[in-house]
Amino acid sequence: MSLIVTGTLGIDTVETPTGSAERVPGGSASYFCAAASAQGPVRLVGAVGDDWPEDHRAALSAFPQVDLAGLEQRSGSRTFAWGGRYLENMNERETLFTELGVLEEAPPSVPAAFADSTLVFLANSHPAVQKSFLEQFAQRQLSVVDSMDLWINIAKPELHSVIESVDGVLFNDSEVQQLTGIGNPYSAAQEILEMGPSFVIVKKGEHGAVLVHRDGIAVVPAYPVPLEGVVDPTGAGDSFAGGFMAYLERTGDLGFESLRNALGWGTVTASFTLEQFGLDGLRGLDLPKLTDRFNRLVEITRLG
Ligand code: AMP
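Residues 6 to 309, numbered by this note's numbering, are exactly what the sequence shown covers, in order.
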């Protein structure tokens, strides 16, 4: 199996109650790739402008399992940029600004060598870009989409069309509610399943995640990180997705039991991201470190 992602490569500015980081490497695809690469190879397709800082390229290149052949740098274009501020509980945030830049242009092209990808992840980006990306992988065995409040607000019909075409949906609880108008995650997920996908994952921040699948339901708590250990939650959702999809790629098993385990791998991967600003928490992450936390998660969730 081969894992591919498209999404944003962003210049992030983040404020938390205890610190801040300005113009650090971020974006949904960057976090996804850095996170997935702790378990195996991952292909990246995305675009940046000529304002993309050289040290951001260096930061991504520090993850050797990320194949950057699909990274397009465009002269005369501007890189996607995003600013966010976290509230005291570190679980809620407000977006301060979003500069779409290259996202308003033609989507990046997929290198011929990537055409045989079988696991396709549509990280947060414009739904129209996600849809055209998805359609380029005739051999796909599993496709999963993530999205965000902005796209539900400005491109809902396009997002619906993506949801109808994928196998899985991975949204925050607030996004699921915004999309369906239903507060209960199980009922909301049921409504999304009726649109076509086989499963829905509802991410609930510090309260874990829920998998609602045609073959069953699974629930996982967040890995226990005390508040003083949470430095910057940005990218935790994308890292969850990276850990989740990379586990599926590593095992080659796309059944319900495997997806249930993948929830755990996504969870522990995300726990590393929020311990530092930007991509720093993922640097040097490997299978033994992930396995330690995965085993602890198994231990603390054991019942019966
Ligand atoms: P997360 O914390 O997992 O929701 O992801 C935050 C990352 O998503 C940041 O690094 C941002 O650069 C990026 N981001 C923020 N807003 C958007 C958006 N509307 N579309 C795509 N990526 C975004």
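In this text, a Cβ means the ideal position worked out from N, Cα and C, and glycines have one as well.
Return the residue from the list the options that minimises the CA-CA distance to residue i.
i, options, result
"residue 1", "30, 25 and 24", "Residue 1 lies beyond the residue range present for the chain, which begins at 6 and ends at 309; the question has no answer from this structure."
"residue 236", "33, 282, 252 and 272", "282"
"residue 276", "34, 40 and 10", "40"
"residue 175", "280, 136 and 128", "128"
"residue 77", "187, 163, 108 and 23", "108"
"residue 70", "233, 293 and 7", "7"
"residue 247", "63, 295 and 181", "295"
"residue 287", "13, 38, 203 and 58", "38"
"residue 211", "222, 227 and 285", "227"
"residue 259", "186, 105, 123 and 284", "123"
"residue 238", "24, 262, 196 and 306", "24"
"residue 99", "19, 254 and 62", "19"
"residue 87", "306, 15, 200 and 279", "15"
"residue 301", "253, 89, 273 and 201", "273"
"residue 57", "28, 47 and 73", "28"
"residue 209", "221, 196, 180 and 304", "180"
"residue 96", "202, 21 and 119", "21"
Indicate whether residue i and residue j have their beta-carbon atoms separated by less than 8 Å.
i, j, result
"residue 79", "residue 55", "yes"
"residue 91", "residue 240", "no"
"residue 11", "residue 34", "yes"
"residue 84", "residue 53", "yes"
"residue 264", "residue 308", "no"
"residue 152", "residue 164", "yes"
"residue 204", "residue 173", "yes"
"residue 125", "residue 9", "yes"
"residue 121", "residue 144", "yes"
"residue 218", "residue 245", "no"
"residue 64", "residue 292", "no"
"residue 116", "residue 137", "no"
Could you check where the alpha helix (DSSP H) with residue i kicks off and where it finishes?
i, result
"residue 11", "Where residue 11 is concerned, there is no enclosing alpha helix (DSSP H), although the beta strand (DSSP E) it sits in stretches over 8-11."
"residue 304", "292-305"
May I ask which residues mark the beginning and end of the beta strand (DSSP E) holding residue i?
i, result
"residue 99", "98-104"
With a cut-off of 8 Å on the beta carbons, I'd call residue i and residue j a contact; round off their distance for me.
i, j, result
"residue 190", "residue 178", "6 Å"
"residue 139", "residue 170", "6 Å"
"residue 157", "residue 183", "5 Å"
"residue 268", "residue 207", "No, residue 268 and residue 207 are not in contact; Cβ-Cβ is about 11 Å, not under 8 Å."
"residue 110", "residue 82", "6 Å"
"residue 49", "residue 32", "Their Cβ separation, rounded to whole angstroms, is 10 Å, which puts residue 49 and residue 32 out of contact at 8 Å."
"residue 51", "residue 251", "Actually they are not in contact, since the Cβ atoms of residue 51 and residue 251 sit about 18 Å apart, beyond 8 Å."
"residue 234", "residue 280", "6 Å"
Flag residue i as yes when its Cβ comes closer than 7 Å to any non-hydrogen atom of the ligand NAD, and as no otherwise.
i, result
"residue 119", "Inclusion of the ligand NAD in the displayed structure is not the case, the ligand content consisting of the ligand AMP alone."
- Message: For a minimum of 4 consecutive residues, which ranges assigned as the alpha helix (DSSP H) are wholly contained in the segment 18-84?
- Response: 33-41 and 59-66
- Task: Tell me the start and end of each unbroken alpha helix (DSSP H) in the segment 109-190 that is at least 4 residues and wholly inside, in chain order.
- Result: 132-139, 154-159, 161-170 and 178-185
- Any chance you could list the alpha helix (DSSP H) runs of at least 4 consecutive residues sitting entirely within the segment 191-278, in chain order? 241-256 and 261-278
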